[in-house]
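Trainee:
In the working numbering, the protein residues as written are 129 to 307.
(1) Measuring straight from C-alpha to C-alpha, what distance separates residue 188 and residue 280?
(2) What residues in its chain sit with their C-beta under 6 Å from that of residue 273, if we drop five residues either side in the sequence?
(3) Please report how far the alpha carbon of residue 213 lies from the alpha carbon of residue 282, in whole angstroms.
(4) Have a look at residue 140 and residue 251 and give me their C-alpha separation to the nearest angstrom.
(5) Taking only the alpha-carbon atoms, compute the straight-line gap between residue 236 and residue 270 and give it to the nearest angstrom.
(6) Going straight from the alpha carbon of residue 284 to that of residue 210, what length do you get?
(7) Which partner residues does residue 240 have in the DSSP bridge list?
(8) I'd like the span of the beta strand (DSSP E) that includes residue 296, first residue to last.
(9) So, is residue 205 buried or exposed, given that buried needs 16 or more other C-beta atoms within 10 angstroms?
(10) Is the distance from the Cβ of residue 186 to the Cβ of residue 294 below 9 Å?
(11) Tell me, please, which residues DSSP counts as bridged to residue 201.
(12) In whole angstroms, what separates the C-alpha of residue 256 from that of residue 203?
Following this line, the structure appears as structure tokens:
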């Protein structure tokens with residue numbers, strides 16, 4: 129808590145209440161003393177109620193492969209839910225244009241020809257609700273020379289068991305090699 133000279137205060141929970149569930153609250157209390165220009169003094173108590181929220185945190189992901197090598201990764205390895213609720217991959221936006229596609233519960237979706245530098249030749253991505261992301265360059269990057277790179281980027285959301293959602297971006301860097 130920061131008390132400013134003009135009498136206002138700022139409160140930054142600074143992550144200290146992340147363990148609170150959606151229906152829980154915790155109070156922060158402090159006492160302050162005020163003195164007027166004639167020396168009269170009084171005290172008061174301030175109580176701030178902090179309400180828990182149902183949050184889930186999706187973190188951006190970055191992977192690297194070469195133009196010939198498929199990769200399989202779990203894109204939620206760095207995602208979390210501070211309350212410990214389970215979560216799954218819920219939606220994916222393969223073109224990053226705000227058009228999300230549902231990932232079926234227990235199923236997967238596959239996209240081919242994702243946009244790379246304005247073209248529709250970006251390999252094949254399969255994304256499952258359990259977290260597995262498979263990327264196959266599919267010969268679409270054979271034009272890359274040694275040292276050249278391209279990126280395939282898509283957005284996904286996770287949803288926890290209480291309905292909280294968050295969004296993250298996956299960047300796959302494809303490096304050219306001499307074949």
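Beta carbons: idealized from backbone N, C-alpha and C, even for Gly.
Mentor: Once the coordinates are examined:
(1) Translated into positions along the chain shown, residue 188 becomes position 60. Translated into positions along the chain shown, residue 280 becomes position 152. Cα to Cα, residue 188 sits roughly 14 Å from residue 280.
(2) Working through the chain shown from its first residue, we reach residue 273 at position 145. Only 304 meet the Cβ criterion.
(3) Position 85 of the chain shown, counting from 1, holds the residue named residue 213. Position 154 of the chain shown, counting from 1, holds the residue named residue 282. Roughly 25 Å separates the two Cα atoms.
(4) Your numbering for residue 140 matches position 12 in the chain shown. Your numbering for residue 251 matches position 123 in the chain shown. Spanning the two alpha carbons is a distance of roughly 44 Å.
(5) Translated into positions along the chain shown, residue 236 becomes position 108. Translated into positions along the chain shown, residue 270 becomes position 142. Whole-angstrom Cα-Cα distance: 27 Å.
(6) The residue given as residue 284 occupies position 156 in the chain shown. The residue given as residue 210 occupies position 82 in the chain shown. Near 19 Å, if we compare the C-alpha coordinates of residue 210 and residue 284.
(7) One-based indexing of the chain shown puts residue 240 at position 112. Partner(s): 252.
(8) Numbered from its first residue, the chain shown carries residue 296 at position 168. Per DSSP, residue 296 belongs to the beta strand (DSSP E) from 293-303.
(9) Here residue 205 is taken as the residue at index 77 of the chain shown, counted from 1. So residue 205 counts as exposed.
(10) The residue you call residue 186 lines up with position 58 of the chain shown. The residue you call residue 294 lines up with position 166 of the chain shown. Their beta carbons are under 9 Å apart, which means residue 186 touches residue 294 by this criterion.
(11) As a first step, residue 201 is located in the chain shown; it is residue number 73 there, counting from the start. Its beta-bridge partners are 261.
(12) Start at 1 with the first residue of the chain shown, and residue 256 comes out as number 128. Start at 1 with the first residue of the chain shown, and residue 203 comes out as number 75. C-alpha separation (whole angstroms): 10 Å.
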